[in-house]
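First up is the structure itself, then whatever we jot down about it.
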Amino acid sequence: MPDQRLPAATFEELALPLFDQLYNFARWLTHEPTEAEDLVQETYAKALRGFSSFQAGTNFRAWMYRILRNSFLSSRTGLKTTVAFDEEDHEMLPTAESPTPETLFIDQATREIVQQALEELPVYFREILLLCEVEEMSYQEIAETLAIPPGTVMSRLSRARKALRKLLQQQLRGGKHGV
Amino acid sequence: MACEAWRDKLDAYVDGELTPAEARELSVHTRTCVECAADALERVQLKRSVAAAGKRYEPSAELRARILKSATAKPGKRMGWKWAIVAVPVLSVVILSMLVQSYYGRENARRQRVYSELADLHVATLASTTPVDVVSTDRHTVKPWFAGKIPFTFNLPELQGTEFTLLGGRVTYLAQTPGAQLIYQVRKHQISVFIFQDRGEETAALPSGPLKALSFNVENWTQNGLRYFVIGDVGPDDIQALSKLLRDAA
Numbered sequence: 004m005p006d007q008r009l010p011a012a013t014f015e016e017l018a019l020p021l022f023d024q025l026y027n028f029a030r031w032l033t034h035e036p037t038e039a040e041d042l043v044q045e046t047y048a049k050a051l052r053g054f055s056s057f058q059a060g061t062n063f064r065a066w067m068y069r070i071l072r073n074s075f076l077s078s079r080t081g082l083k084t085t086v087a088f089d090e091e092d093h094e095m096l097p098t099a100e101s102p103t104p105e106t107l108f109i110d111q112a113t114r115e116i117v118q119q120a121l122e123e124l125p126v127y128f129r130e131i132l133l134l135c136e137v138e139e140m141s142y143q144e145i146a147e148t149l150a151i152p153p154g155t156v157m158s159r160l161s162r163a164r165k166a167l168r169k170l171l172q173q174q175l176r177g178g179k180h181g182v
Numbered sequence: 186m187a188c189e190a191w192r193d194k195l196d197a198y199v200d201g202e203l204t205p206a207e208a209r210e211l212s213v214h215t216r217t218c219v220e221c222a223a224d225a226l227e228r229v230q231l232k233r234s235v236a237a238a239g240k241r242y243e244p245s246a247e248l249r250a251r252i253l254k255s256a257t258a259k260p261g262k263r264m265g266w267k268w269a270i271v272a273v274p275v276l277s278v279v280i281l282s283m284l285v286q287s288y289y290g291r292e293n294a295r296r297q298r299v300y301s302e303l304a305d306l307h308v309a310t311l312a313s314t315t316p317v318d319v320v321s322t323d324r325h326t327v328k329p330w331f332a333g334k335i336p337f338t339f340n341l342p343e344l345q346g347t348e349f350t351l352l353g354g355r356v357t358y359l360a361q362t363p364g365a366q367l368i369y370q371v372r373k374h375q376i377s378v379f380i381f382q383d384r385g386e387e388t389a390a391l392p393s394g395p396l397k398a399l400s401f402n403v404e405n406w407t408q409n410g411l412r413y414f415v416i417g418d419v420g421p422d423d424i425q426a427l428s429k430l431l432r433d434a435a
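Those protein sequences? They're chains A and B, same order as listed.
Count along the first sequence from 1, then add 3; that gives the number in the numbering used here.
Count along the second sequence from 1, then add 185; that gives the number in the numbering used here.
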């Protein structure tokens with residue numbers, strides 16, 4: 004039963020405005036239109052069923068994204084991506100060389116280059132970047148969504164950006180050579 | 186603070202996650218430190234690029250319709266459930282009470298029919314010029330008289346020392362079932378005692394116990410497969426007293 008303090012239409016009111024963003028996020032996770040659609044649909048179904056357990060006053064958006072992400076991780080594609088998901092387990096990425104004005108290339112980088120780099124990132128880097136930059140979530144919201152401590156958000160985000168920068172530099176160099 | 190220390194905070198700075206005091210300090214630092222300023226700018230640009238690149242996929246109208254339907258239709262269903270949770274027990278109670286009522290209604294009608302008929306028999310007997318076919322105050326005469334006339338036998342009480350007198354007996358029928366009718370007298374009042382086999386559809390499962398029917402007092406019970414009815418215009422005490430004598434004798 005829905006929270007008695009909330010009017011009956013609240014789930015709709017809260018959940019429907021998130022639809023476009025959730026689909027975009029789902030698609031980035033799955034790479035697959037059909038899978039993304041299933042994932043969004045599953046998310047809404049689960050959220051509706053579990054709406055009673057949603058604590059009024061807590062972050063609804065983070066709650067929805069967490070459901071979507073958990074559904075994804077338990078899906079076939081998601082299970083494959085969780086290999087080496089452990090924070091401390093993966094090889095430390097080389098720290099990006101201290102940024103120089105040279106790295107301002109991003110100004111000229113096309114959307115496609117960034118998109119391709121994002122695609123190539125491991126899912127745990129991709130998702131945190133999307134939550135932070137696209138969804139403009141706070142560290143606290145990201146922590147709630149990913150179920151990790153806020154301190155981990157900062158370090159993972161930092162490593163994700165370094166990894167992205169590295170990929171972009173590689174691509175730019177490759178692109179330059181190619182042209 | 187050295188640039189190295191600030192560098193670690195640049196991400197939080199561009200993400201707007203520094204405390205206002207730290208943010209102010211870093212802001213002051215970037216005005217004098219070109220390297221940190223460039224770094225911060227680069228990070229902002231990276232953020233913007235990712236934000237732009239990340240907004241990439243549009244859901245289909247078909248999925249939108251499906252989600253809209255599922256998000257709006259389900260609460261209705263849930264209301265249906267809620268409705269059912271209340272309605273099912275209420276309906277059950279209503280239906281059950283209707284069944285009970287109609288059962289008791291039918292039972293009541295049946296009982297009324299039986300008592301009306303017994304009252305008729307009792308009154309008709311008293312009005313008859315020959316109320317009894319066997320005229321005897323002796324139970325040892327009355328009881329054998331019924332032999333061969335009704336398909337069962339019964340015992341009658343010794344009345345010595347009581348106010349009751351046996352006047353006689355006759356064969357009677359209730360719902361096409363033969364039985365014995367005995368007439369007793371107490372202080373000028375006549376009481377009929379009906380005895381039937383307890384298997385007739387009309388008498389079976391009638392609740393035992395005293396009651397008042399058509400202003401006659403009636404007692405009825407089942408004993409040894411026989412159904413006894415004691416009916417008369419006397420008070421319930423006399424009816425009960427005679428009933429007790431008959432019960433004890435049976």
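Cβ atoms here follow ideal geometry from the backbone N, Cα and C, with glycine treated the same way.
Keep in mind the model is a prediction, meaning the values are calculated, not measured.
C-alpha gap between Pro274(B) and Val285(B), whole angstroms: Walking along the second sequence from the start, residue 274(B) turns up at place 89. Walking along the second sequence from the start, residue 285(B) turns up at place 100. When rounded, the distance between both Cα atoms is 16 Å.
If you reduce the DSSP assignment to three classes, tell me which class Gly201(B) lands in. Taking the first residue of the second sequence as 1, we reach residue 201(B) at position 16. Correct three-state label for Gly201(B): coil.
Would you report the Cα separation of Glu202(B) and Gly154(A), rounded to the nearest angstrom? Your numbering for residue 202(B) matches position 17 in the second sequence. Your numbering for residue 154(A) matches position 151 in the first sequence. Going by the C-alpha atoms only, they are around 12 Å apart.
Identify each residue in the stretch 12 to 24 of chain A for which the Cβ-Cβ distance to at least one residue of chain B is less than 7 Å, and report them in chain order. Cβ contacts with chain B come from Phe14, Glu15, Ala18, Leu19, Phe22 and Asp23.
Whole-Å CB distance - Glu40(A) paired with Leu248(B), under 8 Å assumed: In the first sequence, the residue the question calls residue 40(A) occupies position 37. In the second sequence, the residue the question calls residue 248(B) occupies position 63. With 8 Å as the limit, Glu40(A) and Leu248(B) qualify as a contact, their Cβ atoms being about 5 Å apart.
Write down the C-beta distance between Gly394(B) and Phe381(B) rounded to the nearest angstrom, noting that I regard them as a contact closer than 8 Å. Residue numbering aside, residue 394(B) sits at position 209 when the second sequence is read from its first letter. Residue numbering aside, residue 381(B) sits at position 196 when the second sequence is read from its first letter. The beta-carbon separation of Gly394(B) and Phe381(B), rounded to 17 Å, does not stay under the 8 Å limit for a contact.
Chain A within 7 Å of Ala190(B), Cβ atoms only: In the second sequence, counting from the first residue as 1, residue 190(B) sits at position 5. Contact of Ala190(B) with chain A is not assigned, every C-beta pair being separated by 7 Å or more.
Extent of the continuous alpha helix (DSSP H) to which Gln44(A) belongs: Taking the first sequence and counting its residues from 1, one reaches residue 44(A) at position 41. Looking at the DSSP string, the run of the alpha helix (DSSP H) that includes Gln44(A) is Pro36 to Arg52.
Three CB pairs or more closer than 8 Å across the stretch 233 to 251 of chain B and the stretch 17 to 33 of chain A: yes
Taking Ile252(B) as the query, report the chain A residues whose CB atoms sit under 8 Å from its CB, ordered along the chain. The residue labelled residue 252(B) in the question sits at position 67 within the second sequence. Neighbours of Ile252(B) on chain A, chain order: Leu19, Phe22, Val43, Gln44 and Tyr47.
Would you say Tyr242(B) reaches chain A, if we count a Cβ-Cβ gap shorter than 7 Å as a contact? Reading the second sequence from its first residue, position 57 is the one you call residue 242(B). Using beta-carbon distances, Tyr242(B) counts as an interface residue toward chain A, with a partner under 7 Å.
Please report the residue range of the beta strand (DSSP E) in which Glu123(A) lies. Here the question's residue 123(A) lines up with position 120 in the first sequence. That residue, Glu123(A), is in no beta strand (DSSP E); its alpha helix (DSSP H) goes Arg114 to Glu123.
Given this structure, state the Cα-to-Cα distance separating Tyr47(A) from Ala65(A), to the nearest angstrom. As a working mapping, residue 47(A) is identified with position 44 in the first sequence. As a working mapping, residue 65(A) is identified with position 62 in the first sequence. Those two C-alpha atoms are separated by around 14 Å.
Quick one: what does DSSP say Val86(A) is sitting in, helix, strand or coil? For the purposes of this step, residue 86(A) is taken as residue 83 along the first sequence, with counting starting at 1. Here Val86(A) scores only 47 on pLDDT, less than 50, and its place in the model is too uncertain to base an answer on.
Quick one: is Ala294(B) buried, meaning 16 or more other Cβ sit within 10 Å of its Cβ, or exposed? Position 109 of the second sequence, counting from 1, holds the residue named residue 294(B). Its Cβ having fewer than 16 others within 10 Å, Ala294(B) is exposed.
Over the uninterrupted beta strand (DSSP E) stretch that includes Val403(B), give me the two end residues. The residue given as residue 403(B) occupies position 218 in the second sequence. Residues Phe401 to Gln408.
Rounded to a whole number of angstroms, what is the C-alpha to C-alpha distance between Trp406(B) and Val419(B)? The residue labelled residue 406(B) in the question sits at position 221 within the second sequence. The residue labelled residue 419(B) in the question sits at position 234 within the second sequence. Their Cα atoms are separated by approximately 18 Å.
Does Glu210(B) come within less than 7 Å of chain A when only Cβ atoms are used? The count along the second sequence starts at 1 and reaches residue 210(B) at position 25. It does not; no Cβ of chain A falls within 7 Å.
Could you compute how far the alpha carbon of Leu195(B) sits from the alpha carbon of Glu138(A)? Residue mapping note: residue 195(B) aligns to position 10 of the second sequence, counting from 1. Residue mapping note: residue 138(A) aligns to position 135 of the first sequence, counting from 1. Those two C-alpha atoms are separated by around 20 Å.
Beta-carbon proximity list for Ala332(B), same chain, < 8 Å, skipping 5 on both sides: What you label residue 332(B) is simply residue 147 of the second sequence in a count that begins at 1. These residues qualify, in order along the chain: Thr338.
Cβ shell of Leu132(A) (< 8 Å), same chain only, five flanking positions each side left out: In the first sequence, residue 132(A) corresponds to position 129, counting from 1. For Leu132(A), same chain residues with a beta-carbon under 8 Å away, outside a window of 5 residues either side, are Leu121, Leu124, Leu160, Ala163, Arg164 and Leu167 in chain order.
So with Cβ pairs under 7 Å, would you call Val273(B) a contact of chain A? The residue labelled residue 273(B) in the question sits at position 88 within the second sequence. Output row for Val273(B): interface = no.
Using only CA atoms, which one of Asp193(B), Ser301(B), Ala272(B) and Thr257(B) lies nearest to Arg228(B)? On the second sequence, residue 228(B) is found 43 positions in, with the first residue counted as 1. Among Asp193(B), Ser301(B), Ala272(B) and Thr257(B), the Cα nearest to that of Arg228(B) is on Asp193(B).
Against Glu136(A), what residues of chain B qualify as contacts under a CB-to-CB distance less than 7 Å, listed in chain order? By one-based count along the first sequence, residue 136(A) stands at place 133. Neighbours of Glu136(A) on chain B, chain order: Lys232, Val235, Ala236 and Gly239.
Opposite Ser377(B) in the DSSP bridges: which residues? Reading the second sequence from its first residue, position 192 is the one you call residue 377(B). According to DSSP, Ser377(B) bridges with Ile368(B) and Ile416(B).
Suppose contacts are defined by Cβ-Cβ distances below 7 Å. Is Tyr142(A) in contact with Val126(A) by that definition? Within the first sequence, numbered from 1, the residue matching residue 142(A) stands at position 139. Within the first sequence, numbered from 1, the residue matching residue 126(A) stands at position 123. At a Cβ-Cβ threshold of 7 Å, Tyr142(A) and Val126(A) do not count as neighbours.
Please classify His93(A): does DSSP put it in a helix, a strand, or coil? The residue labelled residue 93(A) in the question sits at position 90 within the first sequence. Reliability fails at His93(A), whose pLDDT of 42 lies under 50, so the model's placement of it is uncertain and the value that follows must be treated cautiously. Reduced to three states, the DSSP call for His93(A) is coil.
Could you check whether the Cβ of Thr257(B) sits closer than 7 Å to any Cβ belonging to chain A? On the second sequence, position 72 is the one that residue 257(B) refers to. It does; some Cβ of chain A falls within 7 Å.
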